[in-house]
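Comments concern the structure below.
Numbering (the numbering used here), first residue to last: 5 to 404.
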């Protein structure tokens, strides 16, 4: 009798896994829109001539190629030509894969530097603002010597662009730091990697540097948000607050069955029990880069407690290699981390939109006071403009 129960359970599990796999395969690469967003294609924003400012939000570009063969760099170039000088581009971390910018003696240095130079070459004649922030890979994947890596990358970006505020927060500090866009729009940048970084990181404030102690950070951010409640605030970071993807604890059926594919995609060794245990670990305990990792979970809880007191905050991050948008308690939360890689993202949940595809997000501010979100993905054919994957009015024009 016992063996029959075990056999029935095994067969039921196999049938369920097969059903889940076929369903996932059918819908995985298709964009998801919740019911409130299904009619987004009928929306019409003001014309480009009415733009006050356009801000591109590009995450995890660090596996890029040259402009000639990289569709995201080509899409960024098209966006720059479209919007002109009243614009800015924010790189949301993981700017160089796999370990950031190592020292010159490292055999990975030449390739890493070339990736960064391909990015920076876009801005030779660009008159808008460029801001880089750091992610876990820029800190040598969070290893103990990561501080040296991020400082090396910062120096190169600042020297190339000849702008001391092109890399924020400076010096590996946690922030928050601001960049004034205009009377309606404010950018705040924070360094979320600081909270999970091993080894040395700035623990005391140095002259001319932003806040560098955990005791100062949250009151400083709260004060900034309170003083700017009349404005639309873009809060840029590397780690997301909400995510339906890997760092939020969501795996594919294949990853459940073959957990060694996390190490090597060809390691198709069936270990279903180990895969399920690994998923539970990543979802509720967490590796260093996950939302459930205890130090980050504590940081996230405190940050959300502050953000939930305000409205009109757009928190945007990279880290997960897909495109996601959430609206929670009056604020907006986005993941724009698929500039050079893509990974699985689950449908539904709190998400209004999600797509496992390369792309980046754009916030457009118009002269009538409205602010719109665009999700741009590579064009279908070479030479064409980027494909519009999602559109939403975040702040409508005020009634006259």
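Quick reminder that beta carbons are idealized off the backbone N, C-alpha and C, glycines included.
Where residue i falls: helix, strand or coil (DSSP)
{"i": "residue 344", "result": "coil"}
{"i": "residue 93", "result": "strand"}
{"i": "residue 381", "result": "strand"}
{"i": "residue 196", "result": "helix"}
{"i": "residue 39", "result": "helix"}
{"i": "residue 369", "result": "strand"}
{"i": "residue 109", "result": "coil"}
{"i": "residue 3", "result": "For the chain, the structure presents residues 5 to 404; residue 3 sits outside this window and is missing."}
{"i": "residue 75", "result": "helix"}
{"i": "residue 101", "result": "coil"}
{"i": "residue 337", "result": "strand"}
{"i": "residue 210", "result": "coil"}
{"i": "residue 181", "result": "strand"}
{"i": "residue 48", "result": "coil"}
{"i": "residue 70", "result": "coil"}
{"i": "residue 58", "result": "strand"}
{"i": "residue 117", "result": "helix"}
{"i": "residue 356", "result": "strand"}
{"i": "residue 332", "result": "strand"}
{"i": "residue 349", "result": "strand"}
{"i": "residue 8", "result": "helix"}
{"i": "residue 443", "result": "No answer is possible for residue 443: it lies beyond the span of the chain, which begins at 5 and ends at 404."}
{"i": "residue 396", "result": "strand"}
Residue i to residue j span [Cα, whole Å]
{"i": "residue 133", "j": "residue 350", "result": "34 Å"}
{"i": "residue 174", "j": "residue 390", "result": "32 Å"}
{"i": "residue 158", "j": "residue 168", "result": "9 Å"}
{"i": "residue 254", "j": "residue 211", "result": "42 Å"}
{"i": "residue 4", "j": "residue 373", "result": "Absent from the structure is residue 4, since the part of the chain shown begins at 5 and ends at 404."}
{"i": "residue 148", "j": "residue 353", "result": "36 Å"}
{"i": "residue 287", "j": "residue 334", "result": "26 Å"}
{"i": "residue 8", "j": "residue 252", "result": "37 Å"}
{"i": "residue 393", "j": "residue 125", "result": "27 Å"}
{"i": "residue 112", "j": "residue 256", "result": "31 Å"}
{"i": "residue 321", "j": "residue 195", "result": "11 Å"}
{"i": "residue 86", "j": "residue 369", "result": "14 Å"}
{"i": "residue 209", "j": "residue 176", "result": "11 Å"}
{"i": "residue 151", "j": "residue 172", "result": "14 Å"}
{"i": "residue 94", "j": "residue 127", "result": "13 Å"}
{"i": "residue 50", "j": "residue 367", "result": "13 Å"}
{"i": "residue 294", "j": "residue 242", "result": "12 Å"}
{"i": "residue 284", "j": "residue 48", "result": "43 Å"}
{"i": "residue 311", "j": "residue 318", "result": "10 Å"}
{"i": "residue 100", "j": "residue 270", "result": "24 Å"}
{"i": "residue 239", "j": "residue 377", "result": "15 Å"}
{"i": "residue 164", "j": "residue 182", "result": "21 Å"}
{"i": "residue 346", "j": "residue 262", "result": "19 Å"}
{"i": "residue 106", "j": "residue 340", "result": "25 Å"}
{"i": "residue 73", "j": "residue 380", "result": "18 Å"}
{"i": "residue 289", "j": "residue 130", "result": "44 Å"}
Counted within 10 angstroms of its Cβ, other Cβ atoms place residue i as buried (16 or more) or exposed
{"i": "residue 325", "result": "buried"}
{"i": "residue 362", "result": "buried"}
{"i": "residue 204", "result": "exposed"}
{"i": "residue 219", "result": "exposed"}
{"i": "residue 385", "result": "exposed"}
{"i": "residue 180", "result": "buried"}
{"i": "residue 135", "result": "buried"}
{"i": "residue 40", "result": "exposed"}
{"i": "residue 405", "result": "No answer is possible for residue 405: it lies beyond the span of the chain, which begins at 5 and ends at 404."}
{"i": "residue 70", "result": "exposed"}
{"i": "residue 387", "result": "exposed"}
{"i": "residue 217", "result": "exposed"}
{"i": "residue 52", "result": "exposed"}
{"i": "residue 214", "result": "buried"}
{"i": "residue 274", "result": "exposed"}
{"i": "residue 43", "result": "exposed"}
{"i": "residue 197", "result": "buried"}
> Curious, which full-length beta strand (DSSP E) runs of at least 3 residues does the stretch 215–271 contain?
Replying inline: 236–240
>> Using 8 Å as the cut-off, can you tell me whether the stretch 71–90 makes contact with the stretch 392–400, which would need three or more C-beta pairs spanning the two stretches below that distance?
In response: no
> What residue ranges within the stretch 123–170 form continuous alpha helix (DSSP H) runs of no fewer than 4 residues, ordered along the chain?
Replying inline: 150–165
> Within the chosen definition, does the stretch 34–41 reach the stretch 354–370 through at least 3 CB pairs nearer than 8 Å?
Replying inline: yes
>> Extract the residue ranges of the beta strand (DSSP E) inside the stretch 300–329, only unbroken runs of 3 or more that lie entirely within it.
In response: 317–321
> Counting pairs of beta carbons, one from the stretch 109–116 and one from the stretch 71–83, are three or more of them closer than 8 Å?
Replying inline: no
> Can we say the stretch 289–307 touches the stretch 326–346, given the rule of at least three CB pairs closer than 8 Å?
Replying inline: no
>> Measuring CB atoms only, is the stretch 228–240 touching the stretch 186–200, in the sense that at least three cross pairs come out at less than 8 Å?
In response: yes
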